[in-house]
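Everything below concerns the one structure shown next.
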Amino acid sequence: MWNLTVASRLSRSRCFFSSVIPRPCIIQKRGADILHDPWINKDTGFPLTERNRLGLRGLLPPRVISFEQQYARFMESYRSLEKNTVSESDTSHVALAKWRILNRLHDRNETLYFRVLIDNIKDFAPIIYTPTVGLVCQNYSGLFRRPRGMYFSAKDKGEMMSMIYNWPAQKVDMIVLTDGSRILGLGDLGVHGIGIPIGKLDMYVAAAGLNPQRVVFGVLAKLILKDGMPEGLGLEAELVFHTKVEVFEMLMEDLDFDTNRIANAKAIVGISSCLYVLCVVVIFCLILPVMLDVGTNNLKLIEDPLYLGLRQPRLEGEEYLSIIDEFIEAVLTRWPKAIVQFEDFQMKWAFETLKRYRERFCMFNDDVQGTAGVALAGLLGTVRAQGRSLDDFPNQKIVVVGAGSAGLGVLSMAVQAVVRMTGNAKTAAQNFFLLDKDGLITKERKNLDPAAVPFAKDPGLIAGLRDGDSLLEVVSSMLVLEQQQQQHVKKVKPDVLLGLSGVGGVFNEEVLKALRESSSNRPAIFAMSNPTMNAECTSVEAFKHAGENIVFASGSPFENVQLGNGKVGYVNQANNMYLFPGIGLGALLSGARIITDDMLQAAAECLASYMTDQDIEKGILYPSINGIRDITAKVGASVVRAAVAEEVAEGYGKVDPEELAYMSKEETVEYVRRNMWYPNYSPLVQQK
50 MWNLTVASRL
60 SRSRCFFSSV
70 IPRPCIIQKR
80 GADILHDPWI
90 NKDTGFPLTE
100 RNRLGLRGLL
110 PPRVISFEQQ
120 YARFMESYRS
130 LEKNTVSESD
140 TSHVALAKWR
150 ILNRLHDRNE
160 TLYFRVLIDN
170 IKDFAPIIYT
180 PTVGLVCQNY
190 SGLFRRPRGM
200 YFSAKDKGEM
210 MSMIYNWPAQ
220 KVDMIVLTDG
230 SRILGLGDLG
240 VHGIGIPIGK
250 LDMYVAAAGL
260 NPQRVVFGVL
270 AKLILKDGMP
280 EGLGLEAELV
290 FHTKVEVFEM
300 LMEDLDFDTN
310 RIANAKAIVG
320 ISSCLYVLCV
330 VVIFCLILPV
340 MLDVGTNNLK
350 LIEDPLYLGL
360 RQPRLEGEEY
370 LSIIDEFIEA
380 VLTRWPKAIV
390 QFEDFQMKWA
400 FETLKRYRER
410 FCMFNDDVQG
420 TAGVALAGLL
430 GTVRAQGRSL
440 DDFPNQKIVV
450 VGAGSAGLGV
460 LSMAVQAVVR
470 MTGNAKTAAQ
480 NFFLLDKDGL
490 ITKERKNLDP
500 AAVPFAKDPG
510 LIAGLRDGDS
520 LLEVVSSMLV
530 LEQQQQQHVK
540 KVKPDVLLGL
550 SGVGGVFNEE
560 VLKALRESSS
570 NRPAIFAMSN
580 PTMNAECTSV
590 EAFKHAGENI
600 VFASGSPFEN
610 VQLGNGKVGY
620 VNQANNMYLF
630 PGIGLGALLS
640 GARIITDDML
650 QAAAECLASY
660 MTDQDIEKGI
670 LYPSINGIRD
680 ITAKVGASVV
690 RAAVAEEVAE
700 GYGKVDPEEL
710 AYMSKEETVE
720 YVRRNMWYPN
730 YSPLVQQK
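Structural data, given as structure tokens:
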């Protein structure tokens, strides 16, 4: 009987969550105000009936241009730009020109913007996300036209609890937060770092189908009662009605109304005289980019008269943490179930905030955990490409260059995977070698960052290898790293060389040639640093010097390499976009209290299993970005199921944890798909 009840409720929730058919959007604006609001503007796409009732007649050219025609016109304009700039030698100039044309559309018409983004994600992801977003951040003050998201600064201490209510949305599900301290591999960019949360949230909409703004119509009625007050009900009873009865209780939960109070209020409506009835629009803006400006140590920015952020050195220590704490408290006070994604924090604060908050609310750090998940998926795929079973992963010798938040995150998740496979935590890290700018890290290293201690090698167990000596600190970082790298590659003979150093070209010719002596019949190179100029090597260099049989992956996009005789060296983009949308979506749709290691491992393993044996044989570790929504749906479903298994899922909307647990794997994927928004114009109705 219980199963039948659950199935019935599941069917009902599926009906509600269908997001393909556009629903009417109730608005309070009229005339030119509508045309200036990118959320509801349709440009010349307003039908005549809407033009008449919304006061738009005469404000637009007379011809109605359909959504499809608008789409085609924009794409024609974009392709024309591509054609006219194909011979340009300044690729940065071309990339920014493409970003501008997309951003102008974003500023004018959100619906059309996200539609062209979703349908052409392979072309546009490198423009709104890495690598072009790095250029945007570097030039943000000059490119700034209108604000997006929210800005909190050190000057706002003591005010954040009230500031958070300046955001004009009753509900926020996803926040991407940065302090601008380590933007990609570009360092401290201060308030310019806001470009990263904006780009990430655009990817959440495109890949995960998060609705950037959901508008719900309701009626707020304030009542004076004739026959006295029921016990427990205040003088004024607030009621919210909706045209769909089955949505009523869910809407109450979304608005944080007390359901018992609402039930009492509903019961007395019939014996009440209404003082007044006010129609309102409740806005649920599901996504929010946030810049936390605590200063910058970038002197070039401080001296720039156009710089938009605080002109002061960065806060440190307890002063810094008190600002973060106040912001988090403000967010959780207004939106207690919001998921917060930390993005591009410098290493010490990335690990400190992760440790500080991950057991308190639903959050994750994409640089530490998202990068790690994508890398682990690629490492597991590499084992398959070498013709070995996944059980052989613990035997892989892996050299990681870069001891920052991303590199340490990869090591941590990879070691966890080894422990899961072997059950032996003591020896789990024995085949991993970690290097920083001073070379191989051993337990002899002084002033070693606490986060790197678990991965420091015991000198007694690595005969012939030693920690970087003091002479290396005198030499330039790249030269030191290259010398150490060459020495260790030749001695360790790794199966995988993985770079997250942020140092472009550190995998030089000699390092790559040394990989020919690898113990593996098919060594792998992961040059994962972003943006493109910071990649440890290019795809051409890798296949030229390390051999044609390698597996290659990079953080930024590179073209496949033509090897001659019809052979192709396939290039994989090991980019976080494959995972973070699914992690966030899965956490949201499960109602997870926290994001656990098992949820992250489930996401990585799902991505690793996505590719067919035929693709893996060719050296293709990651799917085409064109299929990002399908990938995200499956990754999200794996996260939902892991959250249920770990009993951290509290359900989403009317779907409770019991229903989530009852779903099969296929049903969970379908549940996730039905919650993914696809942009279409909605009919507009003005409520006066």
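Counting from 50, one number per residue, gives the positions in the sequence shown under our numbering.
Cβ coordinates follow ideal geometry from the N, Cα and C atoms, glycine included.
Under the 10 Å beta carbon count, Glu-654 is surrounded by 16 or more other beta carbons and is classified as buried. In the structure shown, the three-state DSSP call for Pro-499 is helix. Straight through space, the alpha carbons of Ala-657 and Leu-628 are spaced by roughly 11 angstroms. Of Val-689, Pro-630 and Cys-586, the smallest CA-CA separation from Ala-255 is found for Pro-630.
Under the three-state reduction of DSSP output, Phe-607 falls in the coil class, being neither helix nor strand. Residue pairing of Phe-376 in beta bridges, as defined by DSSP: absent, with no partner found. In this structure, DSSP gives Thr-645 a state outside helix and strand, which the three-state scheme calls coil. By the C-beta criterion, the stretch 440-448 is judged not to be in contact with the stretch 639-653, since fewer than 3 inter-stretch pairs fall below 8 angstroms.
Taking Val-555 as reference, the option from Leu-97, Ala-576, Asn-570 and Val-689 with the minimal CA-CA separation is Ala-576.
The beta-carbon separation of Ser-603 and Ala-573, rounded to 12 angstroms, does not stay under the 8 angstroms limit for a contact. Lys-506 is bridged by DSSP to Thr-491. Two segments are said to touch when three or more pairs of C-beta atoms, one from each, lie closer than 8 angstroms; by this definition the stretch 539-551 touches the stretch 447-464. Lys-562: member of the alpha helix (DSSP H) spanning 558-563, first to last residue. Under the three-state reduction of DSSP output, Gly-430 falls in the helix class.
Taking a contact as a CB-CB distance under 8 angstroms, the pair Phe-376 and Met-209 counts as one, their CB atoms being some 5 angstroms apart. From the listed residues Pro-111, Phe-394 and Asn-215, the smallest Cα separation to Gly-229 is found for Phe-394.
Around the C-beta of Ser-687, 16 or more other C-beta atoms lie within 10 Å, and the residue is accordingly described as buried. Contact between the stretch 402-412 and the stretch 238-246 is absent: fewer than three C-beta pairs spanning the two stretches fall below 8 angstroms. The beta carbon of Tyr-127 lies closer than 7 angstroms to those of Ile-150 in the same chain, with the five residues before and after it left out. Close CB contacts of Ala-710 within its chain, under the 7 angstroms cut and outside five residues either way in sequence, are with Val-693 (chain order). Uninterrupted alpha helix (DSSP H) stretches at least 4 residues long and entirely within the stretch 131-157 occur at 140-157, given in chain order. For Asp-168, the enclosing alpha helix (DSSP H) stretches over residues 159-168. Take Ala-426, set aside five residues on each side of it, and the residues of its chain with a beta-carbon closer than 7 angstroms to its own are Ala-653, Leu-656 and Ala-657, in chain order. Our two residues, Asn-158 and Pro-732, have alpha carbons roughly 15 angstroms apart in a direct line. Bounds of the beta strand (DSSP E) holding Thr-227 are 223-227. With respect to the C-alpha of Thr-160, the residue from Gln-736, Trp-726 and Lys-737 having the closest C-alpha is Trp-726. In this structure, Gly-198 and Val-339 form a Cβ contact; the two beta carbons are roughly 6 angstroms apart against a cut-off of 8 angstroms. Tyr-701 sits in a strand when the DSSP states are folded into three classes. In this model, Ile-490 and Val-541 are separated by some 14 angstroms (Cα to Cα). When rounded, the separation of the alpha-carbon atoms in Lys-562 and Ala-121 is 48 angstroms. Among the bridge pairs identified by DSSP, Cys-74 is matched with Leu-733. Residue nearest to Glu-590 within the set Pro-580, Ala-203, Phe-607 and Asn-579 is Phe-607 (criterion: CA-CA distance). Asn-346 carries a coil assignment under DSSP once its states are collapsed to helix, strand and coil. Residue environment: Gln-390 is assigned as buried (16 or more neighbouring CB atoms within 10 Å of its CB, all protein chains considered). Counted as a single uninterrupted DSSP element, the beta strand (DSSP E) harbouring Ile-574 occupies residues 573-576. Taking the Cα positions, Ile-388 is about 43 angstroms away from Ser-568.
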